[in-house]
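What follows is a short report on a single structure.
Residue numbers (this note's numbering), protein chains in the order written: chain A, 1 to 280; chain B, 281 to 575.
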């Protein structure tokens with residue numbers, strides 16, 4: 001009963017939502033329209049939102065305009081996948097340690113991980129550049145993977161720890177009483193139970209890694225063959241003109257798989273986003 | 281439960297990979313930044329210690345204070361607008377009207393897609409001659425001629441804020457929405473029975489109960505916005521004539537543009553001091569709010 005609205009309230013709510021979604025989606029809709037327009041139409045006035053003689057030709061032409069485009073898209077996925085894998089390998093045991101064991105300095109370490117989260121890669125760029133150079137990682141996939149993973153580890157530890165705290169301790173204890181070693185318990189009892197949480201962390205990490213591929217790629221890599229999509233897209237910026245229609249087409253193709261994942265997994269994402277942040 | 285020595289050893293062994301990773305890739309660079317800030321390090325190998333010279337130079341140059349003030353103003357407006365739009369979005373998406381699941385999914389794209397790609401789209405929209413914003417405003421007769429939004433100091437300043445807000449809004453909205461939904465329904469029903477209107481219920485129930493979520497999100501958003509690099513770099517590279525140069529952009533230009541590592545590091549240290557203050561406030565707020573909930 002409380003949720004029953006007057007007709008004018010319904011109108012107000014839908015208008016509000018429409019305005020809100022317009023702000024959120026306008027760049028994407030405009031980007032999609034641009035991808036359908038012939039280049040000449042983009043640079044003609046007056047401005048028209050809907051394409052005339054719209055076609056998908058930009059989606060075909062872009063592959064020959066930027067021959068490495070396919071590689072850039074692959075690179076983005078490859079870098080994000082390896083980052084996700086590295087983060088999981090490091091984060092799963094750490095989250096378990098924080099969720100189950102009390103030891104001196106645990107709170108301090110947990111706080112330290114949270115604080116690390118606050119320092120962006122952009123601030124630490126100079127020493128990171130020197131470090132990458134010293135380790136001989138400049139101009140390789142690792143130049144983007146190694147620092148990329150570091151800045152995703154702290155929040156993932158917090159998220160997974162919160163999840164693991166909800167798994168009853170009695171299960172670990174029962175396994176120990178039965179004579180299972182600690183490592184065996186972690187592998188055979190906790191890992192399967194924590195799987196849904198691990199999946200959420202993996203998705204969030206992958207999206208984070210995919211979304212943030214800019215500054216490390218810009219600074220630590222100058223080789224075209226390792227460039228991820230966001231940097232690779234600069235190839236559409238020619239000396240004379242920018243191939244905006246193909247640039248937008250390439251953007252959509254590059255992000256489509258991530259978008260599909262979101263549509264199917266948005267429930268888990270919302271749950272993950274809130275679990276990590278609210279219940280500290 | 282387990283506090284024996286072997287348990288501690290086991291826990292530390294589990295933590296070791298994460299600790300080593302973070303110490304190498306975050307903590308060591310942090311220390312290195314402080315050390316470098318007292319040197320004349322540049323592109324050539326090796327460096328000498330120069331004491332406070334870098335700090336004297338950057339604060340003596342005059343425009344550094346200006347950059348700090350600009351960063352604070354930029355961050356303040358970006359975060360405030362994000363909070364307001366995020367709250368409006370959460371209220372709207374929380375209303376019991378059909379289609380909400382779809383609407384919630386539709387808010388996520390700016391948060392999900394690579395930041396750089398979203399900014400390219402904005403770059404086109406801001407285009408003076410052919411972009412959507414100029415185009416639509418002209419079609420509706422709101423402006424007379426085309427406006428190149430990124431070409432003038434004050435419009436570029438606000439354009440970068442709008443884009444930053446756009447990227448941040450989905451996360452704030454979803455977070456506020458979740459906080460809103462965790463408020464017990466019977467509170468609203470009790471108020472409704474007493475004849476309280478919708479706005480009254482929002483102001484007297486929703487808002488007070490969401491204070492912890494608002495404080496947490498504001499501080500996290502403050503830190504993220506303060507550190508914001510991609511948006512300004514791709515849209516304006518800090519221009520025109522420095523009007524969008526925030527501390528991060530300024531540091532990047534000094535270090536990676538001019539290859540003055542020592543001086544860049546000194547600027548980075550000032551940023552770190554700001555971030556540390558935000559962190560302290562955040563930890564205090566989380567602790568206080570946590571205690572408040574326990575009572």
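Don't be surprised by glycine CBs; every beta carbon is placed ideally from N, CA and C.
- A distance of 8 Å or more separates the beta carbons of residue 89(A) and residue 157(A).
- Sequence-ordered contacts of the region 150-168 of chain A with chain B read 150, 151, 153, 154, 157 [C-beta pairs closer than 9 Å].
- Under the Cβ criterion (8 Å, minimum of three pairs), the region 52-61 of chain A does not count as touching the region 229-237 of chain A.
- Taking 8 Å as the cut-off, the beta carbon of residue 503(B) is found no closer than this to the beta carbon of residue 526(B).
- Take the alpha-carbon of residue 369(B) and the one of residue 130(A): they are about 43 Å apart.
- Distance from the CA atom of residue 202(A) to the CA atom of residue 153(A), rounded to whole angstroms, is 11 Å.
- Residue 220(A) sits buried, since 16 or more C-beta atoms from the chains shown fall within 10 Å of its C-beta.
- Bridge pairing for residue 329(B): 319(B) [DSSP].
- Among the residues of chain A, those whose CB is under 7 Å from the CB of residue 369(B) are 20, following chain order.
- Under the 8 Å criterion on CB atoms, residue 68(A) is classed as non-interfacial with respect to chain B.
- Taking the Cα of residue 377(B) as reference, the smallest distance to any Cα among 196(A), 198(A), 228(A), 5(A) is reached at 5(A).
- Of the candidates 82(A), 149(A), 29(A), 68(A), 149(A) places its Cα closest to the Cα of residue 304(B).
- In this structure, residue 79(A) keeps its C-beta atom at 8 Å or more from the C-beta atom of residue 257(A).
- Rounded to whole angstroms, the separation of the alpha carbons of residue 99(A) and residue 518(B) is 44 Å.
- Residue nearest to residue 198(A) within the set 159(A), 45(A), 244(A) is 159(A) (criterion: CA-CA distance).
- Bounds of any alpha helix (DSSP H) do not take in residue 50(A), whose DSSP letter is neither H nor E.
- Straight through space, the alpha carbons of residue 317(B) and residue 330(B) are spaced by roughly 9 Å.
- Fully contained in the region 92-169 of chain A are the following alpha helix (DSSP H) runs of length 4 or more, in chain order: 106-116, 125-134, 142-150, 153-165.
- Nearest to residue 387(B) by C-alpha distance, out of 466(B), 309(B), 447(B), is 447(B).
- Nearest Cα to residue 291(B) within the set 101(A), 58(A), 191(A), 133(A): 101(A).
- Among the CB atoms of chain A, none fall inside 8 Å of the CB of residue 436(B).
- Rounded to the nearest whole angstrom, the CA to CA distance from residue 432(B) to residue 406(B) is 12 Å.
- Sorting 82(A), 9(A), 10(A), 87(A) by C-alpha distance to the C-alpha of residue 300(B) places 87(A) at the top.
- Within the model, the alpha-carbon separation for residue 343(B) versus residue 114(A) is close to 33 Å.
- Taking a Cβ-Cβ threshold of 9 Å, the residues of chain A close to residue 410(B) are 42, 43, 44, 45, 47, 244, in chain order.
- Shown in chain order are the members of the region 200-211 of chain A whose Cβ falls below 8 Å from a Cβ of chain B: 207, 210, 211.
- Cβ-Cβ separation between residue 392(B) and residue 262(A): approximately 5 Å, consistent with a contact (criterion under 8 Å).
- Taking CB atoms only, residue 312(B) has a neighbour in chain A less than 8 Å away.
- For residue 14(A), the nearest beta carbon of chain B is closer than 8 Å to its own beta carbon.
- Using a CB distance cut-off of 8 Å, residue 335(B) does not count as an interface residue toward chain A.
- In the three-state DSSP reduction, residue 20(A) falls in the helix class (H, G or I).
- For residue 474(B), there is no enclosing alpha helix (DSSP H), since its DSSP letter is neither H nor E.
- No Cβ of chain A is located within less than 8 Å of the beta carbon of residue 323(B).
- In the DSSP secondary-structure assignment, residue 356(B) is not bridged to any residue.
- Bounds of the alpha helix (DSSP H) holding residue 291(B) are 285-302.
- With distances taken between CA atoms, residue 514(B) lies nearest to 215(A) out of 215(A), 111(A), 196(A), 248(A).
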